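**Student:** Mind looking over this structure? Questions follow.
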Amino acid sequence: MLQQIVWSAELDVERIVDMYGNMLFSICLVILCNEKDAEDVVQDTFITYLTKSPTFNDSEHEKAWLITIATNRCKNMRRYNFIRKYIDINDLQLYSKKDKNHVLLDLLMRLPTKHKVVLLLYYVEGYKVDEIAKILTITTSAVKKRLQRGRELLRERYRKENEYGL
Numbered sequence: 013m014l015q016q017i018v019w020s021a022e023l024d025v026e027r028i029v030d031m032y033g034n035m036l037f038s039i040c041l042v043i044l045c046n047e048k049d050a051e052d053v054v055q056d057t058f059i060t061y062l063t064k065s066p067t068f069n070d071s072e073h074e075k076a077w078l079i080t081i082a083t084n085r086c087k088n089m090r091r092y093n094f095i096r097k098y099i100d101i102n103d104l105q106l107y108s109k110k111d112k113n114h115v116l117l118d119l120l121m122r123l124p125t126k127h128k129v130v131l132l133l134y135y136v137e138g139y140k141v142d143e144i145a146k147i148l149t150i151t152t153s154a155v156k157k158r159l160q161r162g163r164e165l166l167r168e169r170y171r172k173e174n175e176y177g178l
């Protein structure tokens, strides 16, 4: 009986790692700008999932829960550790199949964390404004403002890059 429970738990963890591992890693990498720290947070998120064994109504709730746990752990890590401000763009490209534009991805990585996380959740992961607000525990107007400001910053930086040939 115990062996069956352990085997079932292993299959469940394997399922969530397959479904959400790359997405969580991308989000953590955007926030932390460090591959090793992002890996640690993702692993810690899956350990939390395994130890708490939460139940969800559907896969969207499960996904939102995992993102919330991961982003909160990233915030804690940033708060208590000194982390690098540089990220190797190749690290994220290995895990991001949706974004083929290297220039925009590089520009996104240089945005302030509060803007890049919202842009990533909205455009890459396909979350709606109200869902992002719940995940990040901010108001919907704050999400809209961060989306607007993030797009403006991307647009400005993109124009500068093209203007000066960088």
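If you're matching positions, the sequence shown starts at 13 in our numbering and goes up one per residue.
Where a beta carbon is used, it is the ideal one built from N, C-alpha and C, also for glycine.
Owing to the predicted nature of the structure, the values given are computational and were not obtained by experimental measurement.
#1: With a CB to CB cut of under 7 angstroms and the five nearest residues on each side skipped, what residues in its chain are close to Asp56?
#2: Is it true that the CB of Met89 sits closer than 8 angstroms to the CB of Val53?
#3: Buried or exposed: where does Asn46 fall if 16 or more other Cβ atoms within 10 Å of its Cβ makes it buried?
#4: Helix, strand or coil for Ser65? Go by DSSP, reduced to three states.
#5: Could you please give the first and the last residue of the uninterrupted alpha helix (DSSP H) stretch that includes Ile220?
#6: Whether or not the stretch 64 to 83 and the stretch 153 to 161 are in contact is what I'm after, with contact meaning three or more pairs of Cβ atoms, one per stretch, closer than 8 angstroms; do they touch?
#7: Over what stretch of residues does the alpha helix (DSSP H) that includes Leu131 continue unbroken?
#8: Just the C-alpha distance for Leu123 and Leu133, rounded to the nearest angstrom, thanks.
#9: Rounded to the nearest angstrom, how far is the Cβ of Thr80 from that of Ile147, given a contact under 8 angstroms?
#10: Can you list, in chain order, the residues of its chain with a C-beta nearer than 6 angstroms to that of Ala76? Leave out the 5 residues immediately preceding and following it.
#11: Kindly indicate which residue of His127, Lys64, Ile150 and Thr63 has the alpha-carbon position closest to the one of Ile39.
#12: With a CB to CB cut of under 7 angstroms and the five nearest residues on each side skipped, what residues in its chain are close to Met35?
#13: Does the separation of the CB atoms of Val25 and Leu78 fall below 8 angstroms?
#14: What does the Cβ neighbour count give for Thr83, buried or exposed, with the cut at 16 atoms within 10 Å?
#15: Quick one: Cα of Ala145 to Cα of Asn174, how far?
#16: Helix, strand or coil for Glu122, going by three-state DSSP, please let me know.
**Tutor:** In this structure, then:
#1: Non-local beta-carbon contacts of Asp56 in its own chain, meaning distances under 7 angstroms to residues more than five positions away in sequence, involve Arg85 in chain order.
#2: yes
#3: Asn46 comes out buried.
#4: coil
#5: Lying before the first or after the last residue shown, residue 220 is absent from the chain, which here runs from 13 to 178.
#6: no
#7: Thr125 to Leu131
#8: 14 angstroms
#9: Confirmed, about 5 angstroms.
#10: Excluding the 5 residues flanking it on each side, Ala76 has same chain C-beta neighbours closer than 6 angstroms at Ile147, in chain order.
#11: Nearest Cα to Ile39 within the set His127, Lys64, Ile150 and Thr63: His127.
#12: Glu137
#13: no
#14: When all chains shown are included, Thr83 counts as buried.
#15: 33 angstroms
#16: Residue 122 is actually Arg in this sequence, not Glu. Here Arg122 sits in coil by DSSP.
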